[in-house]
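Asks:
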Amino acid sequence: MEPAGGGKLIEVLKAILFGIVEGITEWLPISSTGHMILLNEFVHLDVSSAFYEMFEVVIQFGAILAVILLFWKKIFPFDWSMRARREKRVNRKEIWRMWGMILISTLPA
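For reference, each letter of the sequence shown is one residue, going 166 to 274 in the numbering used here.
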């Protein structure tokens, strides 16, 4: 007989494993979603399909948020510091160009 709450602990540990896999594979140039699908085949979360779909979105949002926070100074186009006001804004044009390409890449085909 399983101890009370033991099944929930196993599911939490599985979710942590999914988070670790997502965090590692987000940085690789291959699909982190594909890794999540494969992991779910081997370590199936005992949740409803609606919950699992929401879980995938939330866990990927966390990985994307981590990337944004890590590269914030490189991707944020506004710099209100005095140093930036004195210097030429050569990099600013590159940052806006990058944001334009990001927006274009998110448009549906």
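Heads up, the beta-carbon is just placed ideally off N, CA and C, and yes, glycines get one too.
Between which residues of its own chain and E221 is the CB-CB distance below 8 Å, once the five residues before and five after are set aside?
Replies: Result list for E221: T198, M201, in chain order.
Asks: Alpha carbons only, please: which of L193, K179, T190 is nearest the one belonging to F207?
Replies: F207 has its Cα closest to that of K179, out of L193, K179, T190.
Asks: Out of curiosity, what's the CA-to-CA distance linking V223 and K238?
Replies: Rounded to whole angstroms, V223 to K238 spans 24 Å at the Cα level.
Asks: Which residue's Cα is closest to the Cα of W261: I240, G188, S270?
Replies: Closest option to W261, Cα to Cα, is I240.
Asks: According to DSSP, simplified to helix, strand and coil, what is E176?
Replies: Helix, per DSSP.
Asks: Return the Cβ separation of G172 and A228 in integer angstroms, given the expectation that the two are a contact with Cβ distance under 8 Å.
Replies: About 27 Å; that fails the 8 Å criterion.
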